[in-house]
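Shown next, in structure tokens, is the structure this report addresses.
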Amino acid sequence: MDMRACAAPDTILHGSESAGWMKKMRGCRIRGFFVTVYDVSEEIDPEKIARVKRILDGEGFETWGIGLPVGHPAGLDTPRFTYHEGWHVRRDIDGNECRWCNAVTDRLIRDARERVLILRELGIPVMFWDDDLRAGNYEGDVQGCFCSECLAKFVRAYPEFDRKDFGRETLRPVLKKDPAGLSEEELALREAWMDFISAGITRFMRETTVEGVRNGIMVMHRGDRRHGIDIPAIRKACPGCLFRVGELMFDDRSFEAPGNKRALAEGVLRHMALMGDPERIWSESTVYPHGALTPENLRKKIVLERKCGLRNINLMGVERMNSDAYYEMLEKNVRAFEETEPCLTPGNLDGFDFETL
Ligand SMILES: [Zn+2]
Numbered sequence: 013m014d015m016r017a018c019a020a021p022d023t024i025l026h027g028s029e030s031a032g033w034m035k036k037m038r039g040c041r042i043r044g045f046f047v048t049v050y051d052v053s054e055e056i057d058p059e060k061i062a063r064v065k066r067i068l069d070g071e072g073f074e075t076w077g078i079g080l081p082v083g084h085p086a087g088l089d090t091p092r093f094t095y096h097e098g099w100h101v102r103r104d105i106d107g108n109e110c111r112w113c114n115a116v117t118d119r120l121i122r123d124a125r126e127r128v129l130i131l132r133e134l135g136i137p138v139m140f141w142d143d144d145l146r147a148g149n150y151e152g153d154v155q156g157c158f159c160s161e162c163l164a165k166f167v168r169a170y171p172e173f174d175r176k177d178f179g180r181e182t183l184r185p186v187l188k189k190d191p192a193g194l195s196e197e198e199l200a201l202r203e204a205w206m207d208f209i210s211a212g213i214t215r216f217m218r219e220t221t222v223e224g225v226r227n228g229i230m231v232m233h234r235g236d237r238r239h240g241i242d243i244p245a246i247r248k249a250c251p252g253c254l255f256r257v258g259e260l261m262f263d264d265r266s267f268e269a270p271g272n273k274r275a276l277a278e279g280v281l282r283h284m285a286l287m288g289d290p291e292r293i294w295s296e297s298t299v300y301p302h303g304a305l306t307p308e309n310l311r312k313k314i315v316l317e318r319k320c321g322l323r324n325i326n327l328m329g330v331e332r333m334n335s336d337a338y339y340e341m342l343e344k345n346v347r348a349f350e351e352t353e354p355c356l357t358p359g360n361l362d363g364f365d366f367e368t369l
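Numbering (the working numbering), first residue to last: 13 to 369.
Spelled out as structure tokens, the structure:
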């Protein structure tokens, strides 16, 4: 079992200066760190990344990159956006700006690719894009960017739908979550729109894949083509691609709510079936906000992930679980995690008692 923790460079630098921090990480068999190397609101100095890598190399840990290319500002709780030239805020079907979700534009892809080339120079072997890499927020209808620029781009790509009054109101009825009752022509438009928004994310993955740095995408819980996430297309475009499943349930309230453990398992199994070899798949063992999922519930979450067949555990993130109780729990249970065999399938979830983890 490979366990990794996600952290910002500051956390690593700060942690490395605290007595016993590295020993604590090793004690719970954390093999490496995903270090934030790219986000939308600030440039992270490559020298800082190199310094973090040197510290981790010296301590025997691996350093992998994690980037937040599309939506997350520097602080997850900061209600602001920062954009670069050639980027724009995604607009929803009503024309309103979407929080934490830019549109995937040519320039955004180019900027992200340049970042990966810097990482290659620094010897970072893996780059994982956070689950803000999508064309829609959690659940709901088929999404995408409905600004005039993106709508014009769509009809250029699909001229069969080009007509004088084409716009958000043409799309609104056909993009509802439930496609029941749509005509053949409306279904064709729906599919074309999903192809269009998914092509943007797939292209991002293809063009940020460079030799020497393995690329990966973190998929949002229940993320699919409604949000521009076409897992089979991404696999085809990037054959060695890594994936992270989407789990949500980052706090006790959602994890303990009736039916949610099953929903978590269902979502994980659905993603795993599309992603392929378990060796390339990572969990979303997130605690958010700080301390919101107790160590005991994180333990249960990891057991559930293991029962789904996940072998690689991604502890997101260190800032959110920086109390000793988490590391004591991990150290005490790492063997039990490793010994937990996969046993859940989409067909046997009804017979499983999710309260006995
Ligand atoms: Zn747009």
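Yeah, the Cβ is synthetic: ideal placement off N, Cα and C, and Gly gets one too.
With contact counted as at least three CB pairs below 8 Å, one residue from each stretch, are the segment 207-223 and the segment 263-274 in contact? No: the two stretches stay apart, fewer than three of their Cβ pairs being nearer than 8 Å.
So is the beta-carbon of Glu278 under 6 Å away from any non-hydrogen atom of ligand 1? No, ligand 1 has no heavy atom inside 6 Å of this Cβ.
What is the rounded straight-line gap between the Cα of Ile78 and the Cα of Met232? Each residue's Cα considered, the two are about 15 Å apart.
Nearest CA to the CA of Leu145: which residue from Ile67, Gly359, Leu80, Leu361? Leu145 has its Cα closest to that of Leu80, out of Ile67, Gly359, Leu80, Leu361.
Could you give the first and the last residue of the continuous beta strand (DSSP E) run that contains Arg66? Per DSSP, Arg66 belongs to no beta strand (DSSP E); it is in the alpha helix (DSSP H), 58-70.
Own chain residues within Cβ distance below 8 Å of Arg125, not counting five before or after: Glu219, Thr220, Val222, listed in sequence order.
Secondary structure at Met232, three-state DSSP: helix, strand or coil? In this structure, Met232 counts as coil in the three-state DSSP scheme.
Is the beta carbon of Ala285 sitting closer than 7 Å to the one on Cys320? Result no, Cβ atoms of Ala285 and Cys320 do not sit closer than 7 Å.
Where Pro91 and Gly363 are concerned, what is the direct C-alpha to C-alpha distance, given to the nearest angstrom? Its pLDDT being 48, under 50, Pro91 is placed unreliably by the model, and the measurement read from it follows with that caveat. Their backbone Cα atoms lie some 43 Å apart in a straight line.
Which word fits Cys355, buried or exposed, when buried means at least 16 other C-beta atoms lie within 10 angstroms of its C-beta? Exposed, by the Cβ-count rule.
Following the continuous beta strand (DSSP E) through Met15, name the residue where it begins and the one where it ends. Looking at the DSSP string, the run of the beta strand (DSSP E) that includes Met15 is 14-19.
Please indicate yes or no: does the CB of Cys113 lie closer than 6 Å to some heavy atom of ligand 1? If you check the C-beta of Cys113 against ligand 1, you find no heavy atom less than 6 Å away.
With distances taken Cα to Cα, identify the nearest neighbour of Ser210 among Val154, Asn108, Gly107. Of all alpha-carbon atoms in Val154, Asn108, Gly107, the one lying nearest the alpha-carbon of Ser210 is that of Val154.
Which value, in whole angstroms, describes the spacing of the CA atoms of Gly27 and Thr368? Roughly 35 Å separates the two Cα atoms.
Would you mind listing the beta strand (DSSP E) stretches within the segment 262-349 that are 3+ residues and don't spill past its ends, in chain order? As far as the segment 262-349 is concerned, its whole beta strand (DSSP E) runs of at least 3 residues are 324-328.
Only counting the same chain, and skipping five residues up and downstream in sequence, which positions put a Cβ closer than 8 Å to that of Val199? The residue asked about is misnamed: residue 199 is Leu in this sequence, not Val. Hits under 8 Å: Val186, Pro191.
To the nearest whole angstrom, what separates the beta carbons of Glu151 and Arg234, a pair I think is in contact under 8 Å? Going by Cβ atoms, the distance from Glu151 to Arg234 rounds to 6 Å, so yes, they are a contact pair.
Identify whether Gly359 lies in helix, strand or coil by the three-state DSSP scheme. Three-state result, Gly359: coil.
Which same chain residues, not among the five before or five after Arg256, have their C-beta less than 8 Å away from its C-beta? Cβ neighbours of Arg256 beyond the five flanking positions: Phe140, Asp143, Gly228, Ile229, Met230, Val231, Ile293, Trp294, Ser295, Glu296, Asn326.
For Phe46, write down the residues that DSSP places opposite it in a beta bridge. Partner(s): Cys18, Trp76.
Given a cut-off of 7 Å on the beta-carbon distance, is the pair Ile24 and Val64 in contact? Yes, these two residues count as a Cβ contact at 7 Å.
Excluding the 5 residues preceding and the 5 following Leu194 in the sequence, name in chain order all residues of the same chain whose CB lies nearer than 7 Å to its CB. Around Leu194: Val186, Arg202.
Please state whether the Cβ-Cβ distance between Asp263 and Leu305 is less than 7 Å. Remark: C-beta atoms of Asp263 and Leu305 approach each other more closely than 7 Å.
Helix, strand or coil at Val186 according to DSSP, with G and I counted as helix: Of the three classes helix, strand and coil, the one that applies to Val186 here is helix, per DSSP.
Under the three-state reduction of DSSP, which class applies to Pro91: helix, strand or coil? In this prediction, Pro91 has a pLDDT of 48, which is less than 50 and means its spatial position is unreliable; what the coordinates show is noted afterwards. Pro91 sits in coil when the DSSP states are folded into three classes, being neither helix nor strand.
Boundaries (first-last residue) of the beta strand (DSSP E) holding Arg256: 254-256 is the extent of the beta strand (DSSP E) around Arg256.
Please list the terminal residues of the continuous alpha helix (DSSP H) segment that includes Cys162. For Cys162, the uninterrupted alpha helix (DSSP H) run begins and ends at 160-169, by DSSP.
Taking 6 Å as the cut-off, is the C-beta of Glu161 nearer than that to any heavy atom in ligand 1? At least one heavy atom of ligand 1 lies less than 6 Å from the C-beta of Glu161.
Taking the straight line between their C-alpha atoms, what separation do you get for Lys36 and Met333? Their backbone Cα atoms lie some 13 Å apart in a straight line.
Return helix, strand or coil for Trp205, following the three-state DSSP convention. Note: Trp205 maps to helix in three-state DSSP.
Local conformation of Val128 per DSSP, three classes: In the structure shown, Val128 sits in a helix (DSSP, three-state: H, G or I).
Buried or exposed: which applies to Leu129, given that a residue is buried once 16 or more other Cβ atoms fall within 10 Å of its Cβ? Using a 10 angstroms sphere on the CB of Leu129, the tally of other CB atoms stays under 16, which defines it as exposed.
Spatial distance of Glu291 from Arg175 (CA atoms): Distance between the alpha carbons of Glu291 and Arg175 is about 47 Å.
Quick check on the DSSP output: the beta strand (DSSP E) that includes Arg111 runs from which residue to which? Counting along the chain, the beta strand (DSSP E) containing Arg111 begins and ends at 109-114.
Ordered along the chain, which non-local residues of its own chain (more than five positions away) have a Cβ less than 8 Å from that of Leu254? For Leu254, where only same-chain residues beyond five positions count, the Cβ hits under 8 Å are Val138, Phe140, Arg226, Asn227, Gly228, Ile229, Arg292, Ile293, Trp294.
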